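For the protein sequence lines, the chains are A and B, in the order given. In terms of my numbering, the first sequence is residues 64 to 464. In terms of my numbering, the second sequence is residues -11 to 206. All C-beta atoms, glycine included, are put in the ideal place defined by N, C-alpha and C. Keep in mind that this is a model prediction, so the values were computed, not measured.
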Amino acid sequence: MSVIGILFSEAWQRKGMLVLSLLTVSLAVALFIALLTLNTALQQATTKQMKELGFNLVILPVGVSDMDYEECRYGEHSMPEEYVRKLADKRDITADHFSGKLEKKIVWENYDAVLTGIMGTLASGQKKPLGFQKPPELGHAYFGNAVARSVKVAKGPDGKPLKDEKGNFKLVPVTVEGETFQVEKRLAAKETKDNYRIYLHLKDAQRMLGKSGRIHAIEALGCRCQGDVVAAITHEVGELLNKDAAEGDKVKVLIPNPPKFYTREKMRAKVEGYAGLVVPLVLLVSVIWIGALSYMNVRQRREEIGLLRAVGVGSRPVAVLFLGKAALVGLIGAGIGFAVGHAIAKHYGPPMFELPAKMIKPMWNYLLWSLVAAPLMAVMASALPAMMAVFIDPAEALREE
Amino acid sequence: MLKLEGVTKRYVVDGREILALDGADFHAGKGEFVAAIGSSGSGKSTLLMLLGGLARPTSGKVFVDGTDVYALDGRLRALVRSDRIGFVFQTFHLIPYLSALQNVLVPTLAGGDSAALGKRANELLERFGVSDRRNHKPPQLSVGERQRVALARALLRSPDIVLADEPTGNLDPGSTGQVMEYLAEFHKEGGTVVLVTHDPALTDFATRTVRLENGKLA
């Protein structure tokens, strides 16, 4: 006969209590796992989508509307180029990557093109700059897919296309607004007006448009997606750029065509907010309930405890009978709770948050945590009843019928 | 071997103080079979709990082989119980979800050679005529069988003292005879028995009888 043997026999004998305890632990673990799994999947989905979409926040001069931005109508509005550096230098800002641009609608070779001066992306804090926006060199240009059709391949005296040392076709220099540029690359087709852009180095564009040190817009990638990103960055931008700015240099934040993930992100933030209230409450109720069940178990087994003490069983085995049972319940409950929590996340997550189901994967590290935390929680909840069991007066317990 | 010196025991039940033993002196020598007889509520059970190291006296001292039991810490007192004393109760106190054999083996939780104790448990069940019921749980046993299982449990660790609290109180005459025979056998083999009962007929088995009345020993 061993303590473990008694523990299992007793648990099996009082199945109702065992099931209730298991249900409590499983539900608490399931809630945790479902929320954590969903939260992780949502963050991964948002990050992935943001990377796919590129820049998704725009900082504009106060007088420029979103329609103006879409149509490249800035009028006399612009802002200092140094704003980009200011934003990037701030370590704890919500958005991660910033780039300034200066643009103007032009007609080039019968195309309604957009002359766009760009700068390299600056990353905030310790982040590495993303590689997807590297400006052309000074005197060079990138051509959007549509306008690039009018860019000609250079030919040799024999009429054959010329190639550079890398094997790419050499392109004939082009003239834009009276200045000649070497065409550095032709860009792949997109479903946006970027097909009609002629990208220049920002300095070239500033010189050509007479806007030295000025830009029209700052595009930002908001990757620290905790809570309401727009509200956060609007506040940060206001504090950082508008506080001491001249009236004409004040800016605002805009989300061009708010993408789906902002809605999802807001929902996630809301769910996280509720979870912040509900989870501690569920935890507290579970601990109290496990403690109450454990206390009931001690009450039911007073005679048994009295008998154990009468035959010379010490305090430790008596405590182990109750704490061991709690640990066992915690361990099994963690396993069940993990499976149920994952199933809940998998079943309800995709329709609720417009997530691809494949993004919800079992988080095995959370299983490990559950297998440690749930028994620990159950043992802590049962500690007081176990102590009461140890201090039961055997004479009194054996006298009671 | 067992000695009470001026022991008083008071306890409180539902806010009311009860004087269970009042300055009692008691002695049971090695190999004695002492019957303590008294009516219900006279303090018989309290006497056994005190002798068994399960209830600390309000005043006075309890000795087992000259050792003041209540001067020992809880662990050592438990050791005295597990190595020296076997308890038999009127209501058996068998654990309902364990089989007869497992119930007999419960004292092994206090330690000891499991294999040797396992063998002895089977021998005791055989000796008390309940070996065919070893896998049955208490509710499946008759009351007489339950008490024999409880007796086997009390004797598992070969104690030299048995404290029996109305062991036949719930038994029919046939089972009463059997249980008393087993206690008498234990006594014949050199064991010390303190039996508390309200049945004067059982005192025939004892070498000495004391009377308990209103917490006083006579």
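Worksheet item: Over what stretch of residues does the beta strand (DSSP E) that includes Asp152 of chain A continue unbroken?
Response: For the purposes of this step, residue 152 of chain A is taken as the residue at position 89 of the first sequence. Per DSSP, Asp152 of chain A belongs to no beta strand (DSSP E); it is in the alpha helix (DSSP H), 145 to 152.
Discussion item. Assess contact between the stretch 96 to 113 of chain B and the stretch 402 to 417 of chain A, defined as three or more Cβ pairs (one per stretch) separated by less than 8 Å. Is contact present?
Written reply: no
Fill in: Cross-chain neighbours of Leu(-8) of chain B in chain A, by beta carbon under 7 Å
In the second sequence, residue -8 of chain B corresponds to position 4, counting from 1. Those within 7 Å of Leu(-8) of chain B in chain A number zero; the least Cβ separation is about 15 Å.
Worksheet entry | Closest Cα partner of Asn119 of chain A within the set A:His160, A:Pro380, A:Pro343 | Numbered from its first residue, the first sequence carries residue 119 of chain A at position 56. Closest option to Asn119 of chain A, Cα to Cα, is A:His160.
Discussion item. In whole angstroms, give me the CA-to-CA distance for Leu183 of chain B and Gly26 of chain B.
Written reply: The sequence position of residue 183 of chain B within the second sequence is 195, counting from 1. The sequence position of residue 26 of chain B within the second sequence is 38, counting from 1. Taking the straight line from one Cα to the other gives about 11 Å.
Discussion item. My output table needs one value for Lys266 of chain A: the three-state DSSP class, helix, strand or coil.
Written reply: Within the first sequence, numbered from 1, the residue matching residue 266 of chain A stands at position 203. Three-state DSSP puts Lys266 of chain A in a helix.
Discussion item. Quick check on Glu201 of chain B: does DSSP put it in helix, strand or coil?
Written reply: The sequence position of residue 201 of chain B within the second sequence is 213, counting from 1. Correct three-state label for Glu201 of chain B: strand.
Fill in: For Met142 of chain A, the residue or residues it bridges with in DSSP
Here the question's residue 142 of chain A lines up with position 79 in the first sequence. DSSP, once it has assigned bridges, lists A:Ile278 as partnering Met142 of chain A.
Worksheet item: If we count the other Cβ atoms within 10 Å of its Cβ and call it buried at 16 or more, is Glu169 of chain B buried or exposed?
Response: Residue 169 of chain B sits at position 181 when you count from the first residue of the second sequence. With fewer than 16 other Cβ atoms within 10 Å, it is exposed.
Worksheet item: Looking only at DSSP bridge pairs, what is Asp56 of chain B linked to?
Response: Counting from 1 along the second sequence, the entry for residue 56 of chain B is found at position 68. For Asp56 of chain B, which the question treats as bridged, DSSP gives the partners B:Phe51.
Worksheet entry | Candidates A:Asp312, A:Leu201, A:Glu299, A:Gly336, of which the one nearest Gln269 of chain A by Cα | The count along the first sequence starts at 1 and reaches residue 269 of chain A at position 206. It is A:Leu201.
Discussion item. I need the DSSP call for Leu159 of chain B, collapsed to helix, strand or coil.
Written reply: Residue numbering aside, residue 159 of chain B sits at position 171 when the second sequence is read from its first letter. Reduced to three states, the DSSP call for Leu159 of chain B is coil.
Worksheet item: Along chain A, which residues have their Cβ under 7 Å away from the Cβ of Thr96 of chain B?
Response: Start at 1 with the first residue of the second sequence, and residue 96 of chain B comes out as number 108. What Thr96 of chain B touches in chain A: Met64.
Worksheet item: Where Leu94 of chain A and Val342 of chain A are concerned, what is the direct C-alpha to C-alpha distance, given to the nearest angstrom?
Response: For the purposes of this step, residue 94 of chain A is taken as residue 31 along the first sequence, with counting starting at 1. For the purposes of this step, residue 342 of chain A is taken as residue 279 along the first sequence, with counting starting at 1. Going from the Cα of Leu94 of chain A to the Cα of Val342 of chain A covers about 8 Å.
Worksheet item: So what does Trp171 of chain A bridge to, in DSSP terms?
Response: On the first sequence, position 108 is the one that residue 171 of chain A refers to. The partner list for Trp171 of chain A (beta bridge, DSSP) reads A:Tyr174.
Discussion item. DSSP three-state label for Leu131 of chain A, please.
Written reply: In the first sequence, the residue the question calls residue 131 of chain A occupies position 68. As written in the sequence, residue 131 of chain A is Asp, which differs from the Leu given in the question. Here Asp131 of chain A sits in helix by DSSP.
Worksheet item: Which residues does DSSP pair with Arg(-2) of chain B in a beta bridge?
Response: Start at 1 with the first residue of the second sequence, and residue -2 of chain B comes out as number 10. Arg(-2) of chain B is bridged to B:Leu7.
Discussion item. Rounded to the nearest angstrom, what separates Gly336 of chain A and Met330 of chain A at their Cα positions?
Written reply: Working through the first sequence from its first residue, we reach residue 336 of chain A at position 273. Working through the first sequence from its first residue, we reach residue 330 of chain A at position 267. Taking the straight line from one Cα to the other gives about 10 Å.
Practice prompt. Return the Cβ separation of Asp175 of chain A and Tyr259 of chain A in integer angstroms, given the expectation that the two are a contact with Cβ distance under 8 Å.
Written response: Counted from its first residue, the first sequence places residue 175 of chain A at position 112. Counted from its first residue, the first sequence places residue 259 of chain A at position 196. Correct: roughly 6 Å between the Cβ atoms.
Practice prompt. Report the three-state DSSP secondary structure of Tyr85 of chain B (helix, strand or coil).
Written response: Counting from 1 along the second sequence, the entry for residue 85 of chain B is found at position 97. Tyr85 of chain B falls in the coil class under three-state DSSP.
Worksheet entry | Near-chain A residues of the stretch 44 to 65 of chain B (beta-carbon distance less than 8 Å), N- to C-terminal order | Gly62, Arg63
Discussion item. The beta strand (DSSP E) that contains Lys248 of chain A, what's its start and end?
Written reply: By 1-based counting over the first sequence, the position of residue 248 of chain A is 185. Element bounds for Lys248 of chain A: 242 to 249.
Worksheet item: Helix or strand or just coil, what does DSSP make of Arg141 of chain B?
Response: Here residue 141 of chain B refers to the residue found at position 153 of the second sequence. DSSP places Arg141 of chain B in helix when its eight states are reduced to three.
Discussion item. In whole angstroms, give me the CA-to-CA distance for Ala211 of chain A and Leu250 of chain A.
Written reply: The sequence position of residue 211 of chain A within the first sequence is 148, counting from 1. The sequence position of residue 250 of chain A within the first sequence is 187, counting from 1. So the two alpha carbons sit approximately 8 Å from each other.
Item to complete: With a 10 Å radius around its C-beta and 16 neighbouring C-beta atoms as the bar for buried, classify Val361 of chain A as buried or exposed.
Response: Here the question's residue 361 of chain A lines up with position 298 in the first sequence. So Val361 of chain A ends up on the buried side.
Worksheet entry | C-alpha gap between Arg199 of chain B and Phe75 of chain B, whole angstroms | As a position in the second sequence, residue 199 of chain B is number 211, starting the count at 1. As a position in the second sequence, residue 75 of chain B is number 87, starting the count at 1. Their Cα atoms are separated by approximately 21 Å.
Worksheet item: Of all the CB atoms in chain A, is at least one closer than 8 Å to the CB of Ile149 of chain B?
Response: As a working mapping, residue 149 of chain B is identified with position 161 in the second sequence. Output row for Ile149 of chain B: interface = no.
Practice prompt. Could you tell me the distance, in whole angstroms, from the CA atom of Pro380 of chain A to the CA atom of Glu366 of chain A?
Written response: Translated into positions along the first sequence, residue 380 of chain A becomes position 317. Translated into positions along the first sequence, residue 366 of chain A becomes position 303. Pro380 of chain A and Glu366 of chain A: Cα-Cα distance of roughly 16 Å.
Practice prompt. Starting from the beta carbon of Ser72 of chain A, find every residue of chain B whose beta carbon is closer than 8 Å, and list them in chain order.
Written response: Along the first sequence, read from residue 1 onward, the residue named residue 72 of chain A stands at position 9. Residues of chain B passing the Cβ test: Tyr85, Leu86, Gln90.
Item to complete: Provide the residue(s) that pair with Asp153 of chain B in DSSP beta bridges, ordered along the chain.
Response: Here residue 153 of chain B corresponds to residue number 165 of the second sequence, with the count starting at 1. DSSP lists B:Phe77, B:Val184 as partners of Asp153 of chain B.
Discussion item. Can you tell me whether Glu154 of chain B is buried or exposed? The criterion is at least 16 other CB atoms within 10 Å of its CB, across all chains shown.
Written reply: Numbered from its first residue, the second sequence carries residue 154 of chain B at position 166. Glu154 of chain B should be labelled buried.
Worksheet item: Hey, is Glu417 of chain A's beta-carbon within less than 8 Å of any beta-carbon in chain B?
Response: Working through the first sequence from its first residue, we reach residue 417 of chain A at position 354. So no, Glu417 of chain A is outside the interface.
Item to complete: Determine, using beta carbons only, whether Gly241 of chain A and Glu144 of chain A come nearer to each other than 8 Å.
Response: Counted from its first residue, the first sequence places residue 241 of chain A at position 178. Counted from its first residue, the first sequence places residue 144 of chain A at position 81. Not in contact: Gly241 of chain A and Glu144 of chain A (Cβ atoms no closer than 8 Å).
Item to complete: Starting from the Cα of Leu105 of chain A, find the closest Cα among A:Ala283, A:Lys409, A:Ala460 and give me that residue.
Response: The count along the first sequence starts at 1 and reaches residue 105 of chain A at position 42. Of the candidates A:Ala283, A:Lys409, A:Ala460, the one whose C-alpha sits nearest the C-alpha of Leu105 of chain A is A:Lys409.
Worksheet entry | Where Leu93 of chain B falls: helix, strand or coil (DSSP) | Working through the second sequence from its first residue, we reach residue 93 of chain B at position 105. Note: Leu93 of chain B maps to coil in three-state DSSP.
Item to complete: Run the CB neighbour count on Leu64 of chain B, radius 10 Å, all protein chains shown included, and call it buried at 16 or more, exposed below.
Response: Taking the first residue of the second sequence as 1, we reach residue 64 of chain B at position 76. Leu64 of chain B should be labelled exposed.
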